[in-house]
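Numbering (the working numbering), first residue to last: 880 to 1064.
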């Protein structure tokens, strides 16, 4: 049985990864794979949340993101690389969690607020975009991640994930989900 701490990280395949990705997260992933059970998710479904009218863009970038991972030294013998859409349980878990998270709670998430403003969504806000923090929580809990590398701007996502964990665990006689911690990158 593997007792290494579990990490989940990943990227939306909306374009090629660049130097900012390397400095911000890829370099850390290469180091973490040595002493953690690491999962790297190519989050193609989340990529559609603001690219729904251009799914080909997401499809076309999946091989490039994978190649970028390998080029920087992410070793598939040490790190499990997954395509989000290839794991239907993640979508099922997202839908389940959507039933216990209120719209008001998602609207209070400062990361979501900032991204809505940044992307210029006003009256044309896709529901999927609004719900992507719930999708991230499904990803994190499905992999039983103990740590999630994030920047300061993503801390509200970890908080919201742990709220979902607490709420789900309160529905059962014993805990079924594990809370996670932010690993600041």
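The beta carbon of each residue, even a glycine, is placed where N, CA and C say it ideally should be.
Notebook entry, point to check: Can you tell me the Cα-Cα spacing of residue 1032 and residue 985, whole angstroms?
Noted result: So the two alpha carbons sit approximately 15 Å from each other.
Item checked: Close-in-space but distant-in-sequence residues of the same chain around residue 990 (CB under 7 Å, 5 per side omitted) -> Within the same chain, residue 990 has close Cβ partners 1032, 1033, 1035 and 1036.
Next item on the list: Keeping to the same chain, check which residues put their C-beta closer than 7 Å to that of residue 1058; ignore five residues upstream and five downstream.
Entry: Within the same chain, residue 1058 has close Cβ partners 1041 and 1044.
Margin query: Just to confirm the assignment: which complete alpha helix (DSSP H) runs, minimum length 4, are found wholly within the region 1022-1056?
Written below: If we require 4 residues or more, the alpha helix (DSSP H) runs fully inside the region 1022-1056 come out as 1034-1049.
Margin query: Can you check which of these residues, 1013, 960, 1060 and 1014, is closest to residue 909 by C-alpha distance?
Written below: The option with the nearest alpha carbon to residue 909 is 960.
Check: Which whole runs of the beta strand (DSSP E) in the region 906-992 are 3 residues long or more, in chain order?
Finding: Runs found: 916-921 and 958-962.
Check: What residue from 950, 937 and 941 has the CA that sits closest to residue 901's CA?
Finding: Ranking 950, 937 and 941 by Cα distance to residue 901 puts 950 first.
Check: Could you give the C-beta distance for residue 1046 and residue 979, rounded to a whole number, given that I count them as a contact under 8 Å?
Finding: So it is a contact: roughly 5 Å between Cβ atoms.
Next item on the list: For residue 883, name the three-state secondary structure that DSSP assigns.
Entry: Note: residue 883 maps to coil in three-state DSSP.
Margin query: Using the three-state DSSP reduction, which class does residue 889 fall into: helix, strand or coil?
Written below: In the three-state reduction of the DSSP assignment, residue 889 falls in the strand class, which pools E and B.
Note to self: Please state whether the Cβ-Cβ distance between residue 927 and residue 934 is less than 9 Å.
What the structure shows: Residue 927 is a Cβ neighbour of residue 934, given a cutoff of 9 Å.
Note to self: Taking the beta carbon of residue 891 as the centre, do at least 16 other beta carbons fall within 10 Å, making it buried, or is it exposed?
What the structure shows: Buried is the call here.
Note to self: Rounded to whole angstroms, what is the Cα-Cα separation between residue 1019 and residue 912?
What the structure shows: One C-alpha to the other measures close to 17 Å.
Item checked: Neighbourhood of residue 1055 by C-beta distance below 8 Å, restricted to the same chain and skipping five residues each side -> Annotation for residue 1055: 1047 and 1048 place their beta carbon closer than 8 Å to its own, counting only its chain and skipping 5 residues before and after.
Item checked: Cβ separation of residue 922 and residue 968, assumed to be a contact under 8 Å, to the nearest whole Å -> Incorrect: roughly 15 Å between the Cβ atoms, too far for contact.
Note to self: Let me confirm a value: residue 919 is counted as buried when at least 16 other C-beta atoms fall within 10 Å, else exposed. Which label applies?
What the structure shows: Answer is buried; the Cβ neighbour count reaches 16.
Next item on the list: State the Cα-Cα distance for the pair residue 914 and residue 1064, rounded to the nearest angstrom.
Entry: Rounded to the nearest angstrom, the gap between the Cα atoms of residue 914 and residue 1064 is 16 Å.
Note to self: Run through the DSSP bridge pairs and tell me what residue 1061 is partnered with.
What the structure shows: Its beta-bridge partners are 1027.
Item checked: residue 1012 (DSSP reduced to helix, strand or coil) -> DSSP, read as helix, strand or coil, puts residue 1012 in helix.
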